[in-house]
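Worksheet for the structure shown next.
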Amino acid sequence: MNILRDPKRLKPCVLVLGMFDGVHRGHQALLMRGYELAQEMAFPLAVCCFEPHPLRVLAPEKAPPLLTMLPEKARVMQSFGVNSLCITTFNHARANQSSEDFMAELVEVYAPVVVVCGFNFTFGKGGAGNGKILREYGRKHGFRTVIVPEVLIDGATVSSTRIRNLLSAGDIPMVSRLLGHAYTLSGRVESGKQLGRTMGFPTANISFRKTKALPAFGVYACWLETGDGAFHPAVVNVGRHPTLPEGNVTVEAHVLDEQLDLYGQHVRLSFLKHQRAETRFADKEALQEQITRDAEEARAYFASLQ
Numbered sequence: 020m021n022i023l024r025d026p027k028r029l030k031p032c033v034l035v036l037g038m039f040d041g042v043h044r045g046h047q048a049l050l051m052r053g054y055e056l057a058q059e060m061a062f063p064l065a066v067c068c069f070e071p072h073p074l075r076v077l078a079p080e081k082a083p084p085l086l087t088m089l090p091e092k093a094r095v096m097q098s099f100g101v102n103s104l105c106i107t108t109f110n111h112a113r114a115n116q117s118s119e120d121f122m123a124e125l126v127e128v129y130a131p132v133v134v135v136c137g138f139n140f141t142f143g144k145g146g147a148g149n150g151k152i153l154r155e156y157g158r159k160h161g162f163r164t165v166i167v168p169e170v171l172i173d174g175a176t177v178s179s180t181r182i183r184n185l186l187s188a189g190d191i192p193m194v195s196r197l198l199g200h201a202y203t204l205s206g207r208v209e210s211g212k213q214l215g216r217t218m219g220f221p222t223a224n225i226s227f228r229k230t231k232a233l234p235a236f237g238v239y240a241c242w243l244e245t246g247d248g249a250f251h252p253a254v255v256n257v258g259r260h261p262t263l264p265e266g267n268v269t270v271e272a273h274v275l276d277e278q279l280d281l282y283g284q285h286v287r288l289s290f291l292k293h294q295r296a297e298t299r300f301a302d303k304e305a306l307q308e309q310i311t312r313d314a315e316e317a318r319a320y321f322a323s324l325q
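If you want it as structure tokens, here you go:
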């Protein structure tokens with residue numbers, strides 16, 4: 020799959036539009052419809068999304084944390100047969116672009132034979148454009164518009180906002196259900212305070228982008244994937260370590276029953292189960308006893324998957 024930033028001209032394609040933060044089941048409905056059309060009409064499938072998040076430009080204080088960074092987004096999209104992931108830079112000029120100019124640019128850059136968008140997709144200054152306007156424009160400019168309806172789970176629309184709220188509550192099963200895949204966090208393993216090692220539980224301190232959404236502070240069972248594609252069961256702590264001298268938020272993974280040298284490596288965590296919330300313990304010994312129980316609970320969970 021090609022990743023293109025602000026492309027100038029593509030060959031005719033089936034084009035899917037959206038933000039795609041999370042590439043959740045609602046987004047997947049767009050991708051699947053786009054893929055079906057691309058296969059049926061023998062055209063490549065392209066996706067146009069936007070970076071940074073529009074609110075990061077228009078109202079930074081209201082900008083939500085992101086469910087997927089670009090590599091995570093690309094990884095999921097590739098599995099849906101996307102040929103080109105096109106990243107359109109969102110800036111103040113883009114925010115002030117009229118809906119008519121936006122549509123004219125789509126035709127010039129993508130030469131779409133079909134455009135696929137969601138029921139709530141808007142574009143142009145003030146969100147003046149929508150799927151119906153795009154459909155009318157397409158009739159005059161040689162492309163068809165397909166508007167995909169909302170996807171409902173448990174009677175509510177699948178949305179990035181809903182998933183963020185569930186993630187911040189630590190509801191990992193529901194997050195996974197709405198995403199259609201495990202929630203992931205990727206980063207490089209860096210040196211930490213080595214506190215886990217002093218208690219017999221060495222941990223990998225995983226860096227992460229500050230714009231990345233984190234699950235509720237606490238302990239999780241996760242798969243840790245290394246650069247060579249190997250998966251290792253791990254127990255992961257997300258939080259500030261309130262029992263010990265409290266510091267910045269960290270994500271630390273203890274690989275169960277293996278000694279791995281992960282420093283400097285890029286790893287990926289897939290969150291599977293929320294075991295407990297972050298807790299302040301009376302002393303280091305009480306914390307160490309709880310960490311032992313956390314590791315045992317994680318082992319039992321992974322054993323149940325076999």
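Under our numbering, the first residue of the sequence shown is numbered 20, with each subsequent residue one higher.
By construction, the Cβ of each residue, glycine as well, lies at the ideal position given by its N, Cα and C atoms.
Since the structure is predicted, the reported quantities are computational estimates derived from the model, not experimental observations.
In the three-state DSSP reduction, E169 falls in the coil class, being neither helix nor strand.
As a beta-bridge residue in DSSP terms, K231 pairs with L85.
Residue burial annotation: V35 is buried, with at least 16 other C-beta atoms found within 10 angstroms of its C-beta. In the three-state reduction of the DSSP assignment, R207 falls in the strand class.
A direct Cα-to-Cα measurement between L77 and L279 gives close to 44 Å. C-alpha of Y156 to C-alpha of M122: approximately 8 Å in a straight line. Beta-bridge partners of K292 (DSSP): A240. The bridge partners DSSP lists for S103 are N21 and A65. The continuous alpha helix (DSSP H) containing F321 extends over residues K303 to L324.
Counting only runs that start and end inside the stretch 99–160, the alpha helix (DSSP H) elements of at least 4 residues fall at 111–114, 118–129 and 150–160. The continuous stretches of beta strand (DSSP E) do not include N267, and DSSP gives it neither H nor E. Distance from F138 to I166 at the Cβ level is roughly 6 Å; contact confirmed, criterion being Cβ atoms closer than 8 Å. Around the beta carbon of R28, fewer than 16 other beta carbons sit within 10 angstroms, so the residue counts as exposed. In the DSSP assignment, Y202 forms a beta bridge with F290. Leaving aside the five residues that flank P26 on each side, the residues in its chain whose CB is nearer than 7 Å to its CB run, in chain order, C105 and V128. In the three-state scheme derived from DSSP, where H, G and I count as helix and E and B as strand, A188 is classed as coil. A175 counts as exposed, since fewer than 16 other C-beta atoms from the protein chains shown sit within 10 angstroms of its C-beta.
T245 carries a coil assignment under DSSP once its states are collapsed to helix, strand and coil. Taking a contact as a CB-CB distance under 8 Å, the pair A223 and E297 does not count as one, their CB atoms being some 19 Å apart.
The Cβ atoms of S289 and A232 lie no closer than 7 Å to each other.
The beta-bridge partner set that DSSP reports for A175 consists of I172. With a 10 Å radius around the Cβ and a threshold of 16 neighbouring Cβ atoms, G283 comes out exposed.
Assigned with DSSP and collapsed to three states, P261 falls in coil, not helix or strand. Remark: fewer than three beta-carbon pairs, one from each stretch, lie closer than 8 Å, so the stretch 111–122 and the stretch 78–94 are not flagged as touching. Nearest in C-alpha terms to R299, of all of L291, E308 and R44, is E308. In chain order, L275 place their CB closer than 7 Å to the CB of R318, counting only its own chain and leaving out the 5 sequence neighbours on each side.
For R295 and G248, the gap between their C-alpha atoms comes out near 28 Å. Selection C68, T245 and V257 evaluated against T141 yields C68 as nearest (Cα-Cα).
Per DSSP, reduced to three states, the secondary structure at V254 is strand. Following the DSSP letters along the chain, one finds A78 in no beta strand (DSSP E), marked with neither H nor E. Assigned with DSSP and collapsed to three states, E70 falls in strand.
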